[in-house]
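Q:
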Amino acid sequence: MEAGLFKPEDLDKKTDVKANHPAKGMFDVLNVYTPSKEFLNAPDITPTPASELETQYTVEEEVTWEDAFFAFTALLRDYDYLGQEIHSLWKKYASGELDLAAVALATNTAFELAHSMEADIKKLMDKFGGTAIFAHQCFDAACQAMGIDKDRKNPGDMYNLAAYDVAKVLTINSMGLFNSYIVGNHDTIIPGGYNGAFGWYNERLGAGGRNNTERWNQDKTALLEILSGFHLLTTKPGQGDVEDEIVRGMGAALRENKAHPRLWISWALQMYLDIVQGLGDSVGRGYEQFRQESLKIQKALVGLPKTAQRRQVLQVATRWNHDPIFETFQSSAEVGLAPHDSEERSEFHFLRRNPIHCGLLIHHMRSVLHENGVKTAAPSGGLMTITQLYQALRQEGRIPEGQAWEDLEELWGYQGNPCFFIGDPPRDLEGYYKNYCLCLGTSLTNWAPNRRSTKPTEHKGNAPNMKFDAWVSLSLDNRIRVDNPREPWTTETVGELLTEGRKKAIMDGKGHTQRDLKQKAKEANLEAVPTSPSGLIKQLAQVVNSEIPRISFDYFTMHHIAWSLLTDLKHALTAEVGPSFLNYIPSEDQLPFVVGYVFSTASGHGSDVRERGVGSDRLLNVATEVMDEFLQEGKGKIIKEARETEVEPKEVWDIDVDGSEMWGPRKYKKQQMDQGGHLEAMAGNAEIANIMRLLQM
1 MEAGLFKPED LDKKTDVKAN HPAKGMFDVL NVYTPSKEFL NAPDITPTPA SELETQYTVE
61 EEVTWEDAFF AFTALLRDYD YLGQEIHSLW KKYASGELDL AAVALATNTA FELAHSMEAD
121 IKKLMDKFGG TAIFAHQCFD AACQAMGIDK DRKNPGDMYN LAAYDVAKVL TINSMGLFNS
181 YIVGNHDTII PGGYNGAFGW YNERLGAGGR NNTERWNQDK TALLEILSGF HLLTTKPGQG
241 DVEDEIVRGM GAALRENKAH PRLWISWALQ MYLDIVQGLG DSVGRGYEQF RQESLKIQKA
301 LVGLPKTAQR RQVLQVATRW NHDPIFETFQ SSAEVGLAPH DSEERSEFHF LRRNPIHCGL
361 LIHHMRSVLH ENGVKTAAPS GGLMTITQLY QALRQEGRIP EGQAWEDLEE LWGYQGNPCF
421 FIGDPPRDLE GYYKNYCLCL GTSLTNWAPN RRSTKPTEHK GNAPNMKFDA WVSLSLDNRI
481 RVDNPREPWT TETVGELLTE GRKKAIMDGK GHTQRDLKQK AKEANLEAVP TSPSGLIKQL
541 AQVVNSEIPR ISFDYFTMHH IAWSLLTDLK HALTAEVGPS FLNYIPSEDQ LPFVVGYVFS
601 TASGHGSDVR ERGVGSDRLL NVATEVMDEF LQEGKGKIIK EARETEVEPK EVWDIDVDGS
661 EMWGPRKYKK QQMDQGGHLE AMAGNAEIAN IMRLLQM
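Position one of the sequence shown corresponds to residue 1 (the UniProt record's numbering), numbered consecutively onward.
1) Quick one: what does DSSP say D281 is sitting in, helix, strand or coil?
2) Do Y584 and L619 have their CB atoms nearer than 9 angstroms?
3) Helix, strand or coil for T328 per DSSP?
4) Which residues in the same chain have their Cβ closer than 6 angstroms to the Cβ of I172, if we skip the five residues on either side of it in sequence?
5) If you draw a straight line from the C-alpha of G423 to the C-alpha of N484, how long is it?
6) Span of the alpha helix (DSSP H) holding Y159?
7) Over what stretch of residues does the alpha helix (DSSP H) that includes G431 continue unbroken?
8) Quick test of the definition: if touching needs 3 or more C-beta pairs under 8 angstroms, does the stretch 200 to 214 touch the stretch 227 to 244?
9) How is the alpha helix (DSSP H) around V614 delimited, first residue to last?
10) Could you tell me the distance, in whole angstroms, from the CA atom of V262 to the CA atom of K153?
11) Determine the direct distance from the alpha carbon of G196 to that of D554, and round the result to whole angstroms.
12) Would you report the Cα separation of F468 and G96, rounded to the nearest angstrom?
13) Apart from the five residues on each side of it in sequence, which residues of its chain come closer than 6 angstroms, Cβ to Cβ, to L82?
14) With DSSP as the reference, label Y93 as helix, strand or coil.
15) For Q144, count the other beta carbons within 10 Å of its own beta carbon; 16 or more makes it buried, fewer makes it exposed. Which is it?
16) Hey, out of Q590, G176, K258 and E118, whose CA is closest to L566's CA?
17) H363 and S473 look like a contact to me (Cβ under 8 angstroms); what is the Cβ gap, rounded to whole Å?
18) Kindly give me the distance between the Cβ atoms of L279 and A104, rounded to whole angstroms, as I take these residues to be in contact under 8 angstroms.
19) What separation, rounded to the nearest whole angstrom, lies between the Cα atoms of I190 and S331?
20) For the stretch 631 to 648 against the stretch 391 to 405, do three or more pairs of beta-carbon atoms, one drawn from each stretch, fall closer than 8 angstroms, so that the two count as touching?
21) Candidates D658, P355 and G193: which alpha carbon is nearest E327's?
22) Any contact of the stretch 164 to 181 with the stretch 264 to 283, i.e. 3+ C-beta pairs under 8 angstroms?
23) Please state whether DSSP places T513 in a helix, a strand or coil.
24) By Cβ distance, which residues of its chain are closer than 7 angstroms to M250, with the 5 residues on each side in sequence left out?
25) Answer yes if the stretch 562 to 578 comes into contact with the stretch 488 to 502, meaning at least three C-beta pairs across the two stretches below 8 angstroms, and no otherwise.
26) For T385, is the classification buried or exposed, using 16 other Cβ atoms within 10 angstroms of its Cβ as the cut-off for buried?
27) Is the stretch 363 to 381 close to the stretch 294 to 309, with three or more CB pairs under 8 angstroms?
28) Helix, strand or coil: which one does DSSP assign to H605?
29) How is R248 classed by DSSP in three states: helix, strand or coil?
30) Is the separation between the beta-carbon of H115 and that of L170 shorter than 9 angstroms?
31) Enumerate in chain order the residues of its own chain whose CB-to-CB distance from V626 is below 6 angstroms, with the five nearest sequence positions on each side excluded.
32) Can you give, in chain order, each stretch of the alpha helix (DSSP H) that sits fully within the stretch 202 to 265 and has at least 4 residues?
33) What residues in its chain sit with their C-beta under 7 angstroms from that of T15, if we drop five residues either side in the sequence?
34) Less than 7 angstroms between C-beta atoms, sequence neighbours within five positions excluded: which residues of the same chain meet that for Y79?
35) Pull the bridge partners of R481 from the DSSP assignment, please.
36) Pick helix, strand or coil for M507, following the three-state DSSP scheme.
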């Protein structure tokens, strides 16, 4: 890397610890002796059985500093391997190989694994003051061994910057800055923004400082500019929909108020620095993607019926229409609770400098869109029956070549045949009608020969279910939501997630394994789920990346389009048959039945599924004309084209849901406006009391 930029050509380089790695000497202690071939081939030794079992008491051996050093070094080595994989993933993001959400989720999961790794040795390290204290002891020892006087430092430096590289490996740099912020702000109700006292981070320079002083200043300013944003997101008025591991870690550190926070969060902040500096002046690309995906969701839903599911999605998609961090600092300055910030600070500065958080926000939007979209589309049966009609027309050769319904075929591919058909898709007129009836809950026994019952029977268990797709992605979304207390994930839990995800991927909406998908999975000969932390986050990123098309598909628009087409079909059939046809569709919720009348007429069935007469293509011809007009007008690829079209903010200015009103600062401003007031340059005691009350809600 040069000038802090992730370069695609770096992807092929070996990621082992290089010979000049500052910590190489520390990792050497972990090299394991390789036994000889004679030793490996020697016969097993059979132990001599004891004459009788005796309880033996032994004195627990005292834990030595060397034991702690070995454990600490092993932890650093594991962190190093994780860090190398994180760097590799972000290089793939920079080159366009991986989506931001996939890389951000993998990075956030790596932070969880780092947390649990440190917890594994906590009991041992606590005997020496804790992992953070031990890191400082190792730093002191390393400086002494290299002949560096760590206390010989310049103003504004934490130590003698000749030891910068070693301090970076031990996370001393990020640890010191984080700890200093926690100590100075643990009682702070309103976090104050960085005022530029030490200068400002240079995006173009990134990690390309010419010397340790420039590199340290880049580290220092990058973190100081964003720590207050992390802090605000830990407060009640600053709580959003998503909480990443750094926000969780800062919240815990502020509550615990320990002298030295955990090592894992120092390492996570160092990874944050590596990512931001590695992206250079393209670091804001993550925010631009988040903003564009938010606008696309808003535009897709702006004109749709105002349902509870739609509102829930729009609240998430519009949550960051305004910047709560910027507005909090601005309001504090306006009422005299904080100094006015430098002009360097701009709206959405936190998101522009935090591609990890942007990736998690994108993933959460997609997940909420998917969950509520399925809830909207599934109950009515509209998508199910319109897919059956489309399949029948295609099977009968009534869909002209080059006129495919691309959006529907994409959805069909995600949901699979079991969402629309009982068994394989039908191939004749009788099969279309029979499948339609079975999917509505008609029993298969109605077609049994020599049936004695005089009434058609039902079997609601036949009805297909639409499935919630992308199981791994949805599980990870639950993981990053606010107010989700839990222990950090271990390698075992991440491995179980990936293993279960493979099973869920080949199931239908009822939890039954789909034979064709099972066979494809078998033929793919997938590698075993990794067991190493770095292997797990790599595969996690790949799985999430593969699920993005499924989880981001717009079920709301798909349902709306299908419902509109059913309405057009009803009008066309009414024009063909006469007003009496409306008696069969007395209410809008029965629109899916129009497909049933097309199939029953074509196959020669009446009201009794068991009786069959001479069929007529009359209604099938009408359906063909309606479908042809629909496709000729380009309505078969509305979702595809919307996905590829940029959206301007002015296109959704009249959106009726504003999730940003849920932020504490906007609640306060709205309250002021409702009272006909405004924020004075210097607030009185009553106004300050109101702000304090709001910020402690």
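Yeah, the Cβ is synthetic: ideal placement off N, Cα and C, and Gly gets one too.
A: On the basis of the coordinates in this document:
1) helix
2) no
3) helix
4) F139
5) 40 angstroms
6) No alpha helix (DSSP H) contains Y159, which DSSP labels as neither H nor E.
7) L429 to C439
8) no
9) Looking at the DSSP string, V614 is not in any alpha helix (DSSP H), and its letter there is neither H nor E.
10) Looking at the sequence itself, residue 262 is Arg, so the reference to Val does not match. Distance between the alpha carbons of R262 and K153 is about 26 angstroms.
11) 43 angstroms
12) 27 angstroms
13) A110, P533 and S534
14) helix
15) exposed
16) Q590
17) 7 angstroms
18) Actually they are not in contact, since the Cβ atoms of L279 and A104 sit about 12 angstroms apart, beyond 8 angstroms.
19) 10 angstroms
20) yes
21) G193
22) yes
23) strand
24) F230, H231 and T234
25) no
26) buried
27) yes
28) strand
29) helix
30) no
31) D568, L569 and A572
32) 212 to 233 and 245 to 256
33) Residue confidence for T15 is low, a pLDDT of 42 falling below 50, so the modelled location carries little weight; the figure read from the coordinates is stated next. Once the five neighbours on either side are set aside, the close Cβ partners of T15 are Q84 and S88.
34) A114 and W267
35) V242
36) strand
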